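Peer 1: Following the numbering used here, the numbering of the sequence shown begins with 1 at its first residue and continues without gaps.
Note that beta-carbon positions come from the ideal geometry of N, C-alpha and C, so glycine has one too.
The model shown is predicted, which means the values in this text are computed figures rather than measured ones.
I'd like to ask you about the structure that follows.
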Amino acid sequence: LDMRENRQRILSNHIEPGFTVFNLAPGTATVLNVFSYTCSFSVCAARTGATTINLDLSRKYLDWGRENFLLNQVNPKDHDFIYGDALEWMKRLAKRGDRHDLVILDPPTFSRSKQSGVFLAKRDYGSLAKAAAPLVRNGGMLLACCNAAGLSNAKFREEVRRGIRASGRKVVGAFLAMQPPDFPVTKTEPAYLKVSWLRLD
């Protein structure tokens, strides 16, 4: 529920006035959804005509994602579902020259894999952004999300931009999405959701 506004931004291809998700004609965009979980972002992108690649370390969630495509009248056979470690697969995709109009990073706060070991969002997000940035085409969008309460908004933005710079890319447009109002922020419960839309060159 806390991501519904960002899903709507994909569906409408509108982030804010003058700032769209996709710059290409409808039906021509490609989307890489890393840590795709149940593929809700991908379903929205597919509804606009985009082709999606969905990457997750759980076969169960990928199967759930395929089911969500079907429930939304989208044929999952027109899209790719990859089981595997996110960092390893991003390196592999970059090596083969993959470039996408939208790359989505929405990792869990903690995960463990045989290839990459332990991932902690508040510690490792910069490395994640560094691996993802080369997969964004020139003029394309990186959607970076994080729900780690222990990572401040300022530190999150700093880590994401540090990773992008380390990859040799630069940010040419940005929008910071706020936590929805029905997820109130208080002194005792600060905002946990961090979302940055970043156009890269």
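Which same chain residues end up closer than 8 Å to L11 when comparing Cβ atoms and leaving out the 5 residues on each side of it in sequence?
Peer 2: These residues qualify, in order along the chain: C44, R47 and T48.
Peer 1: Give me the Cα-Cα distance between N54 and L200, rounded to the nearest whole angstrom.
Peer 2: Spanning the two alpha carbons is a distance of roughly 21 Å.
Peer 1: Assign N6 to one of two classes, buried (16 or more other C-beta atoms within 10 Å of its C-beta) or exposed (fewer than that).
Peer 2: Looking at its Cβ environment, which holds 16 or more other Cβ atoms inside 10 Å, N6 is buried.
Peer 1: How would you label P17, buried or exposed, when you count the other beta carbons within 10 angstroms and need 16 or more for buried?
Peer 2: Flag for P17 reads exposed.
Peer 1: Please state the DSSP three-state secondary structure of Y192.
Peer 2: Coil.
Peer 1: Which one or two residues does DSSP pair with I104 in a beta bridge?
Peer 2: DSSP output for I104 lists N33 and L143 as bridge partner(s).
Peer 1: Out of curiosity, what's the CA-to-CA distance linking Q8 and R59?
Peer 2: Roughly 26 Å between the two C-alpha positions.
Peer 1: How long is the line joining the alpha carbons of C39 and G65, rounded to whole angstroms?
Peer 2: So the two alpha carbons sit approximately 5 Å from each other.
Peer 1: Should A25 go down as buried or exposed, given a rule of 16 or more other Cβ atoms within 10 Å for buried?
Peer 2: Exposed: under 16 other Cβ atoms inside 10 Å.
Peer 1: In angstroms, rounded to a whole number, what distance separates the CA positions of Q73 and V195?
Peer 2: Taking the straight line from one Cα to the other gives about 28 Å.
Peer 1: Taking the alpha carbon of I82 as the reference point, which residue from G168, R112, L102 and D63 has its own alpha carbon closest?
Peer 2: Nearest option by C-alpha distance: D63.
Peer 1: Can you list the alpha helix (DSSP H) stretches of 4 or more residues lying completely in the region 20-100, in chain order?
Peer 2: Taking only runs of at least 4 residues, the alpha helix (DSSP H) segments lying wholly in the region 20-100 are 40-47, 59-71 and 86-95.
Peer 1: From this set, M3, V21, R96 and Y61, which residue's C-alpha is nearest Y37's C-alpha?
Peer 2: Among M3, V21, R96 and Y61, the Cα nearest to that of Y37 is on Y61.
Peer 1: Name the two residues that bound the continuous alpha helix (DSSP H) containing G126.
Peer 2: G126 -> alpha helix (DSSP H) spans A121 to A132.
Peer 1: Should A154 go down as buried or exposed, given a rule of 16 or more other Cβ atoms within 10 Å for buried?
Peer 2: Under this definition A154 is an exposed residue.
Peer 1: With H, G and I counted as helix, E and B as strand and the rest as coil, what does DSSP make of L11?
Peer 2: It is helical.
Peer 1: Let me make sure I understand the geometry here. Which of A129, R157 and F156 has the alpha-carbon closest to that of G168?
Peer 2: Comparing Cα-Cα distances from G168 to each of A129, R157 and F156, the minimum goes to A129.
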